[in-house]
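Here is the structure we will look at, set down as structure tokens.
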Amino acid sequence: MAIRKILTVPNPVLKQVSKPVAAVDDDVRALMDDMLETMYAAPGIGLAAIQIGEPLRIIVMDIADKDEEPAPRYFVNPEILDDVEEVRPWEEGCLSVPDYFEEVERPEKVKIRYLNYHGEEVVEWATDLYAVCIQHEMDHLNGVLFIDHLSRLKRQRAIRKVQKAEREKAMENAE
Ligand code: GNR
Ligand code: NI
Numbered sequence: 003m004a005i006r007k008i009l010t011v012p013n014p015v016l017k018q019v020s021k022p023v024a025a026v027d028d029d030v031r032a033l034m035d036d037m038l039e040t041m042y043a044a045p046g047i048g049l050a051a052i053q054i055g056e057p058l059r060i061i062v063m064d065i066a067d068k069d070e071e072p073a074p075r076y077f078v079n080p081e082i083l084d085d086v087e088e089v090r091p092w093e094e095g096c097l098s099v100p101d102y103f104e105e106v107e108r109p110e111k112v113k114i115r116y117l118n119y120h121g122e123e124v125v126e127w128a129t130d131l132y133a134v135c136i137q138h139e140m141d142h143l144n145g146v147l148f149i150d151h152l153s154r155l156k157r158q159r160a161i162r163k164v165q166k167a168e169r170e171k172a173m174e175n176a177e
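Each residue of the sequence shown is one higher than the one before, counting from 3 in the working numbering.
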């Protein structure tokens, strides 16, 4: 297992549409292991493969509370089969847009189909934080970031904030 580098905006790789996985084999599981380790180290509650530069339709997630046992979830080739009319705002963040948070409205429930760590098909309804997170991650698979749901002004502010923080970090490291 290895911790991989997480790409940040405005890296154009994050805009790529990820490709379906042919089969959940040991290579795919090794990538999912790296993704989970990278996500926990960040720390974050979800990660799409494209965020570490791998344009594959793979997501990892753990939305368990800090005082609960870890509960990693793995999603290969996820699809949204259905959703509800009702939308709900939720304050979102993204490891590819560090230290920026803003409310996004999304359907409050989605029915999803995916392959798990063992390549078994799962169909289920996601609600609450699970619904928010899976929709955020599935956006990544289509090259969409949560800031793409905001006004152009807010999106540009978010990108500039990340660029400024990275410039300052690079300056510190050069001293
Ligand atoms: O760690 C994360 N937290 C989060 C909070 C609210 C809505 C979505 C997320 S996902 C994010 C990790 C990430 O960037 N996944 O792509
Ligand atoms: Ni994200």
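Virtual Cβ for every residue (Gly too), placed ideally from N, Cα, C. Please read these numbers as outputs of a predicted model, since none were measured by experiment.
Item to check | 3-residue-minimum beta strand (DSSP E) runs that sit fully inside the segment 64-134, ordered along the chain | outcome: Listed in chain order, the complete beta strand (DSSP E) runs (minimum 3 residues) inside the segment 64-134 are 75-85, 89-96, 99-109, 111-117 and 123-129.
Item to check | Under the three-state DSSP convention, the category K163 falls into | outcome: Residue state, collapsed to three classes: helix.
Checklist entry - When you compare each of E168, N118, E110 and N79 to H142 by their alpha carbons, which one comes out closest? => result Considering only alpha carbons, the answer is N79.
Item to check | Element boundaries [beta strand (DSSP E), containing L49] | outcome: Counting along the chain, the beta strand (DSSP E) containing L49 begins and ends at G48 to A50.
Next on the checklist: For ligand 2, I want to know if C135 counts as a neighbour, meaning its beta carbon is within less than 6 angstroms of at least one of the ligand's heavy atoms.
Outcome noted: No, the Cβ of C135 stays beyond 6 angstroms of every heavy atom of ligand 2.
Item to check | Cβ-based burial, A133 [other Cβ within 10 Å; buried from 16] | outcome: Of the other Cβ atoms in all chains shown, 16 or more fall within 10 Å of the Cβ of A133; this residue is therefore buried.
Checklist entry - Where DSSP assigns a beta bridge to K21, which residues make up the other side? => result Answer is L58.
Checklist entry - Comparing alpha-carbon positions, which option in P45, K68, R90 and R59 lies nearest Y76? => result Of the listed residues, the one whose Cα sits closest to Y76 is R59.
Checklist entry - In terms of residue numbering, what span does the alpha helix (DSSP H) encompassing D150 cover? => result Premise fails: D150 is in no alpha helix (DSSP H) and is neither H nor E.
Item to check | Cutoff 8 angstroms; reference K111; Cβ partners in own chain excluding five residues on either side | outcome: Cβ within range, chain order: D85, V86, E88, W127, A128, T129 and A133.
Item to check | DSSP state of A43 mapped onto helix, strand, coil | outcome: A43: helix per DSSP, three-state reduction.
Item to check | Helix, strand or coil at E139 [DSSP, three-state] | outcome: In this structure, DSSP gives E139 a helical state, which the three-state scheme calls helix.
Item to check | Beta-carbon contacts of E107 that lie in its chain and below 6 angstroms, excluding the five residues immediately before and after | outcome: Hits under 6 angstroms: V89 and P91.
Checklist entry - Mind checking whether the beta-carbon of G46 lies closer than 6 angstroms to any heavy atom of ligand 1? => result At least one heavy atom of ligand 1 is nearer than 6 angstroms to the Cβ of G46, so yes.
Checklist entry - Rounded C-beta distance between E39 and A66? I'm assuming under 8 angstroms. => result Actually they are not in contact, since the Cβ atoms of E39 and A66 sit about 16 angstroms apart, beyond 8 angstroms.
Checklist entry - Closest to R162 by CA distance: which of E94, I54 and V99 is it? => result Ranking E94, I54 and V99 by Cα distance to R162 puts V99 first.
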